[in-house]
Structure formats: C-alpha cells, structure tokens
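Please read the structure below before turning to the comments.
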Amino acid sequence: MTSKSASDAKNIRKRGIAYEDPRAPLIGAVATFFTRLGGCSLPPEDSLSFSGSSGEEEIRRNTRVVAEYLEIDPGAIIMCDQRHSAEIVCLSSRPSATPIADAIIAEEPGIFPAIRTADCLPILVIDPAARVSAAIHAGWRGTAKRLARKVIETLRLNYHTNPEDLLIALGPCIGVCCYEVGVEVIEALEAHIPFSDNYSTAQSAHTSRHACGQYMLDLAEINRAEILSCGVPEANIKKAGLCTRCREDLFFSYRRDNGRTGRQISIVGFRC
434 MTSKSASDAK
444 NIRKRGIAYE
454 DPRAPLIGAV
464 ATFFTRLGGC
474 SLPPEDSLSF
484 SGSSGEEEIR
494 RNTRVVAEYL
504 EIDPGAIIMC
514 DQRHSAEIVC
524 LSSRPSATPI
534 ADAIIAEEPG
544 IFPAIRTADC
554 LPILVIDPAA
564 RVSAAIHAGW
574 RGTAKRLARK
584 VIETLRLNYH
594 TNPEDLLIAL
604 GPCIGVCCYE
614 VGVEVIEALE
624 AHIPFSDNYS
634 TAQSAHTSRH
644 ACGQYMLDLA
654 EINRAEILSC
664 GVPEANIKKA
674 GLCTRCREDL
684 FFSYRRDNGR
694 TGRQISIVGF
704 RC
C-alpha cells in the first residue's frame, strides 16, 4: 500500500465487520463497506456472502446480519441485478422486483442501495443537501462506460445536486498492485475517458510474471479522477485504499479465487 493509500485508509475506518465513512453518521446517513466476516455462508464463500450462487435463505440471513449492524430494516436494503452495464435505477420506494442496473439512486430516506463486489470498485455517494444517495458498481466495463459520471449527472439534473456538496467514498477493490489487464481493456478505457495517465505498465520487477504488453490498472484512481472532473472537491472523496486480492482475510476476490468466491456488500442511504 502506498503512503497516500495508507493515509486515505484512515478516513474509511474499520469497525467490527465493516469499513465505514465516518462523515455519514454526522448527517444521519450510512456509507458502509462490509468485509467477508460475520455471516453464515459456507466455504468457499465464508462467511458474509451475497453472491448469486448463495441460496435465498443464506442471503436473507446475511442481510439480517448487516441490517442489525446498521440498525435498519432488512427490507430497506435494495440490491440490483448487476450486469456490468451503465444502467441506473432511481427509487422513491422499495421495488417489487430486483432492478436490473449497476447503480441505484435512493430518492428518499429509508431506502438503502446496496452493491455487491469481489474486486470491482464499490462507490457510495451522499448528497447531504438533497438527502439522496447512490451506490455504484464500477468494474473496468462500468468505468469505461463512465457510470460514476452518469450518476453524478443524473443527480444534478433530477435532484438539483451541486457536485461540490457530494460526499463520495471509494471502497475496497482490486489494487494496482494486482490488477493486470490486457491492451484491449486499456483501449476500451482510452476510447471513452479523456485521460490516460491513471494506469501504469508493469514494472520491471514484475516482468518475469507479466506478459509483454500487459498493464497494471488502478481502478480506484481512474474513478477518483473521473469524479474530480465532475466538480466534486478532492477533500470530499475518500478512498479505502484496500486491495481485495491481497487481503484474503477480509475480502472476496474473483481473481484470487478463480471465480469460486463470494461477494461482499456495500450499503449507503439516509436514515428516516
């Protein structure tokens, strides 16, 4: 972990089975990134897993765990059917069916959007003025589709959000230390994002382990730069600075576990 990431990690604080944005409770909100700890799932998804392969009863039990931790109604936690898309769903009440989307905006307090990840970047967004919140699932595809920017623009247009008011937390994800990608991923990012200095080629120390032409991608930093370009002040963006692939003790990782793994959950929203 770099010294900058270590500093950022102090802003997203660990408490029990989760990492929390300490700004949220001050405004009657939650912005929490859960670890893999404290649930009921069996290996290889032990133990607080919300993956599609988990049974419905297992997910219900784990949902009760996180709801009790946050002191909210389990039914108020709204997950979506994530497909690495740029789809955004806006909710003013609890939906009757699972939305198909990769970002959820809660228009009212008492609705808590939730994103499930296992290397992708979870982004939690709070607008203290409008009292709306959003959860974003940003893998490299969602990043290339500029999903974070689209959510901020939707907040601005629909809820008169001033980007300068937004409080944004970037959760644990696969780090630049571990996220090796091919040139096709870099080309997809460069085709849509007007900056290209937020990834690095493999360092010379890694040449024995990385094929020629591979890149090490900094997913969190690319999204941070994108959010900054939307007018959100740097001081309002906090990074967990934790690599899901490195921290097997705390997080599921799709890459580390070759796809046989669970999903951790990240939850945001305003209390009623």
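Residue numbers for the sequence shown, in my numbering: 434 to 705. Each residue gets a CB set at the ideal place from its N, CA and C atoms; glycine is no exception. Quick caveat: nothing in here was measured; it's all calculated off a predicted structure.
Worksheet item: Shortest alpha-carbon distance to Val463 belongs to which of Ser686, Glu501, Ser482?
Response: Glu501
Item to complete: Specify, as a first and last residue, the run of the alpha helix (DSSP H) that Leu580 falls within.
Response: 580-592
Worksheet item: How long is the line joining the alpha carbons of Phe467 and Gly604, rounded to whole angstroms?
Response: 9 Å
Discussion item. What does the alpha-carbon distance come out to for the pair Ile492 and Asp454?
Written reply: 24 Å
Worksheet entry | Anticipated Cβ contact below 8 Å, Leu650 with Val609, distance rounded | 7 Å
Practice prompt. Throw me the rounded Cβ distance for the Ala551 and Tyr687 pair, which I believe falls under 8 Å.
Written response: 4 Å
Practice prompt. Name the one or two DSSP bridge partners that Ile505 has.
Written response: Partner(s): none; Ile505 has no beta bridge.
Fill in: Coarse secondary structure for Pro596, derived from DSSP in three states
helix
Worksheet item: What is the rounded straight-line gap between the Cα of Ser482 and the Cα of Arg469?
Response: 6 Å
Worksheet item: According to DSSP, is Thr576 helix, strand or coil?
Response: helix
Fill in: DSSP state of Glu520 mapped onto helix, strand, coil
coil
Worksheet entry | Assigned secondary structure, Glu540 (DSSP; H/G/I helix, E/B strand, else coil) | coil
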